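Contents: one structure, followed by commentary.
Protein chains: 2
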Amino acid sequence: MALSEFRLIQRFFAHTGASRTDVKLGVGDDCAVLSLPAGKELVVSIDTLVEGVHFFENSDPERLGHKSLAVNLSDLAAMGAEPAWATLALTLPAVDEDWLEAFCRGFSRLAAAHNVQLIGGDTTSGPLNISIQVHGFVTAGAALRRDGAQLGDLIYVTGRLGDAGLALRTVGNVAVPAAVQSRLDLPTPRLQEGRALVGLAHAAIDISDGLISDLGHICDASGVGATLYVEKLPCSQVVRDYIHANNDWSLPLSAGDDYELCITIPPEKLAEAERLAADFECGLTPIGRIEASAGIRCLTADGQAVQLSASGYEHFSS
Amino acid sequence: MALSEFRLIQRFFAHTGASRTDVKLGVGDDCAVLSLPAGKELVVSIDTLVEGVHFFENSDPERLGHKSLAVNLSDLAAMGAEPAWATLALTLPAVDEDWLEAFCRGFSRLAAAHNVQLIGGDTTSGPLNISIQVHGFVTAGAALRRDGAQLGDLIYVTGRLGDAGLALRTVGNVAVPAAVQSRLDLPTPRLQEGRALVGLAHAAIDISDGLISDLGHICDASGVGATLYVEKLPCSQVVRDYIHANNDWSLPLSAGDDYELCITIPPEKLAEAERLAADFECGLTPIGRIEASAGIRCLTADGQAVQLSASGYEHFSS
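Here the protein sequences come in this chain order: Y and B.
Just so we're aligned: 171 in numbering that gives the first Met the number 0 is position 172 of the first sequence, and the numbers increase by one with no gaps anywhere.
Just so we're aligned: 105 in numbering that gives the first Met the number 0 is position 106 of the second sequence, and the numbers increase by one with no gaps anywhere.
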């Protein structure tokens, strides 16, 4: 016998993630009731993952549970926010208890690791669709934004770029190392790094659609342009091998799905940025500079412009 | 040429609903940033509407925009909360600008009427799926809940029951009055009524799945049972006609989709409840009583038990 919607939510999601004292009422009523710390602003983001668009059919549900939450937490990271709560709107073609348990396990493990509690949700029948909203806090007025980049700012990225794109481009290729595949399936939201950058970065965004596309959003919102130096882009050895074998910089520049942070830092804070870079386990690498001239220029060390065949992935693009 | 995802969100949703000063950063960054009034708790709910499950294919998009938001605001009403912000995760099979404009119009009109601002969202491609999260405030500790019903409480409902069910059961029947059809397509969230009931009601829920099912949630959460007197159920004339013609009470008892509030009120507050009932334009009608004995009994005036063929609608029920 299939479970009713109500029992489905209760059973799988009533105790998911951390258990927080600021949750006055969690899963099981019409709404959740939450207490916000004094002096903080609320930071929220909602993102949807659709089967066949954002992930393959028959994707491993535990990895999917992790990734669905991770891509949302990455948005909180890009604001420098402390994560707190999540809601989950899950549309499922059928009730598969094994699938649900595995999804919940992946979701809950990542949630607990970042002190996030699942506070509510909705479970409906239909084509597989996962919408998650995350909620966090920032000190009032301190959120990192897209529109704060200034002329002369140095552009940095956390971690490495291109691994997720490589895994995506070579689906099912056993030669792709497990560590590279995990960068696509199990992205790490850079929450600790985002919070450390509050007060230092002028602007920040997470790289979901590709560096060019997402840095482009910073440039558009801030009314500036940028130059990137492609040899400075932090990449794993397999991505470097791919670039050199194919003379193609698209993996780190436009493949997306890495969920690293791209930030701009004023040059007078270079020393502070370098100290942070040494502290960040994932690294923090300078890759270019904010300039007045609109658009994003990608140059090699000898000053040649890099040609790109495609910009970041966008839904509905013609 | 199709619009890119980014411009889609910006163009249609950047200025939807009210414009609120507590929105520090709205649509267009990785997250929205929001300021909560001192002394208030945050109240949130997320709900999904799926084509073919919650609404028919080719539904009028303007009415769908209204209804998608209304069913979510109804959850805030059931908590006695003041509405403030909404996010929208919209999965669309294709970009249809006329459809989007109409959807946005229906959504925005209702949002503005309740001082709700759209603060963020995500637009993706896939089978039509609408997830909306609403956010509101309650004075700390004052939220109406499901688990507060007590022995002897009087059970009340706002408005009338069964119209939406009648419209659903007689799809395309031109004999259904427009006012009844609107009760299905354009439900009115009882926000003002819910707020007026704070401090008076012991428990509250909104009737989405049907009175028996939703009152059942109050009873389960509160560890009580209930008796309802079916002739007291507030119904429109067409619903009364249907009941008597078919000797079938299922429309007001289990059809759902009315989005009225069901609340329990202690008997010592009867006079206060009657004063409110006179104030509510939609009405507030006593229909039964909370009792110790588990389960919900539906009785006629002469003490006969009413038999029901089905309880409220639940997804995935076998």
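Each residue gets a CB set at the ideal place from its N, CA and C atoms; glycine is no exception.
A quick note: this is a predicted structure, and the numbers were derived from the prediction, not measured.
Where residue i meets chain Y, residues with beta-carbon distance less than 7 Å
{"i": "B:Q132", "result": "I45, T86, Q132"}
{"i": "B:N128", "result": "T90, G125, N128"}
Within 9 Å, strictly: CB atoms of residue i and residue j
{"i": "Y:S235", "j": "Y:R145", "result": "no"}
{"i": "Y:V32", "j": "B:V197", "result": "no"}
{"i": "B:I154", "j": "B:G287", "result": "yes"}
{"i": "B:R168", "j": "B:G282", "result": "no"}
{"i": "B:A69", "j": "B:L143", "result": "no"}
{"i": "Y:G255", "j": "Y:G302", "result": "no"}
{"i": "Y:A148", "j": "Y:T15", "result": "no"}
{"i": "Y:A88", "j": "B:Q132", "result": "yes"}
{"i": "B:R194", "j": "B:A76", "result": "yes"}
{"i": "Y:V175", "j": "Y:L165", "result": "yes"}
{"i": "Y:V115", "j": "B:G125", "result": "no"}
Contacts that residue i makes with chain Y (C-beta to C-beta distance below 8 Å)
{"i": "B:G209", "result": "Within chain Y, no residue comes near B:G209; the closest Cβ sits about 12 Å away, beyond 8 Å."}
{"i": "B:G287", "result": "The contacting residues do not exist; B:G287 stays about 20 Å from chain Y at best."}
{"i": "B:R145", "result": "G27, D28, D29"}
{"i": "B:A80", "result": "C30"}
{"i": "B:L24", "result": "A142, R144"}
Residue i, DSSP secondary structure in three states
{"i": "Y:W84", "result": "strand"}
{"i": "B:L307", "result": "coil"}
{"i": "B:N71", "result": "helix"}
{"i": "B:F102", "result": "helix"}
{"i": "Y:G215", "result": "helix"}
{"i": "Y:R10", "result": "helix"}
{"i": "B:D320", "result": "There is no way to answer for residue 320 of chain B, as the model of chain B reaches only from 0 to 317."}
{"i": "B:D46", "result": "strand"}
{"i": "Y:S316", "result": "Caution applies to Y:S316, whose pLDDT of 39 falls short of 50 and renders its modelled position unreliable; the value that the coordinates give is listed next. Residue state, collapsed to three classes: coil."}
{"i": "Y:H201", "result": "coil"}
{"i": "Y:N246", "result": "coil"}
{"i": "Y:P60", "result": "helix"}
{"i": "B:D257", "result": "coil"}
{"i": "B:R288", "result": "strand"}
{"i": "Y:L35", "result": "coil"}
{"i": "Y:H65", "result": "helix"}
{"i": "B:D301", "result": "coil"}
{"i": "Y:S18", "result": "coil"}
{"i": "Y:G135", "result": "strand"}
{"i": "B:R296", "result": "strand"}
{"i": "B:L40", "result": "The sequence as given places Glu at residue 40 of chain B; Leu does not occur at that position. It is a strand residue."}
{"i": "B:S130", "result": "strand"}
Chain B contact residues for residue i, given Cβ-Cβ distances below 9 Å
{"i": "Y:S34", "result": "E40, L41, A139"}
Contact list for residue i against chain B, beta-carbon separation under 7 Å
{"i": "Y:A75", "result": "The sequence shown places Leu at residue 75 of chain Y, rather than the Ala named in the question. Those are C30, listed as they occur along chain B."}
Nearest neighbour of residue i, chosen from the options [CA to CA]
{"i": "Y:T157", "options": "Y:S44, Y:H65, Y:P266, Y:I206", "result": "Y:I206"}
{"i": "B:L109", "options": "B:D213, B:P285, B:A80, B:S73", "result": "B:S73"}
{"i": "B:G294", "options": "B:T263, B:L160, B:H216, B:V49", "result": "B:H216"}
{"i": "Y:G252", "options": "Y:T226, Y:G302, Y:I129", "result": "Per the sequence shown, the amino acid found at residue 252 of chain Y is Leu instead of Gly. The candidate whose alpha carbon is nearest that of Y:L252 is Y:T226."}
{"i": "Y:L63", "options": "Y:I129, Y:Q191, Y:D213, Y:S212", "result": "Y:I129"}
{"i": "B:V49", "options": "Y:T122, Y:I289, Y:L87", "result": "Y:T122"}
{"i": "B:C30", "options": "Y:N57, Y:V52, Y:G16, Y:E81", "result": "Y:E81"}
{"i": "Y:L214", "options": "Y:Y258, Y:P186, Y:T187, Y:H113", "result": "Y:Y258"}
{"i": "Y:A291", "options": "Y:G164, Y:L190, Y:L150", "result": "Y:L150"}
{"i": "Y:T47", "options": "Y:W84, Y:E192, Y:T90, Y:A276", "result": "Y:T90"}
{"i": "B:S212", "options": "B:T138, B:L260, B:E61, B:G105", "result": "B:L260"}
{"i": "B:V137", "options": "B:L75, B:E40, B:A200, B:Q191", "result": "B:E40"}
{"i": "Y:E192", "options": "Y:L127, Y:H134, Y:Q180, Y:A272", "result": "Y:A272"}
{"i": "Y:N96", "options": "Y:L190, Y:P60, Y:A85", "result": "Per the sequence shown, residue 96 of chain Y should be read as Glu rather than Asn. Answer by Cα proximity: Y:P60."}
{"i": "B:S44", "options": "Y:R104, Y:I118, Y:G224, Y:V179", "result": "Y:I118"}
{"i": "Y:V305", "options": "Y:V52, Y:H134, Y:E230", "result": "Y:E230"}
Where residue i meets chain Y, residues with beta-carbon distance less than 9 Å
{"i": "B:V49", "result": "T90, T123, S124, G125, P126, N128"}
{"i": "B:I204", "result": "D28, D29"}
Local Cβ density within 10 Å of residue i, reported as buried at 16 or more and exposed below that
{"i": "Y:P92", "result": "exposed"}
{"i": "B:S249", "result": "buried"}
{"i": "Y:E267", "result": "exposed"}
{"i": "Y:E280", "result": "exposed"}
{"i": "B:F102", "result": "buried"}
{"i": "Y:A13", "result": "exposed"}
{"i": "Y:S107", "result": "buried"}
{"i": "Y:F11", "result": "buried"}
{"i": "B:G38", "result": "exposed"}
{"i": "Y:T299", "result": "exposed"}
{"i": "B:H243", "result": "exposed"}
{"i": "Y:R189", "result": "buried"}
Contacts of residue i in chain B (Cβ-Cβ under 8 Å)
{"i": "Y:V52", "result": "T123, S124, G125"}
{"i": "Y:G120", "result": "I45"}
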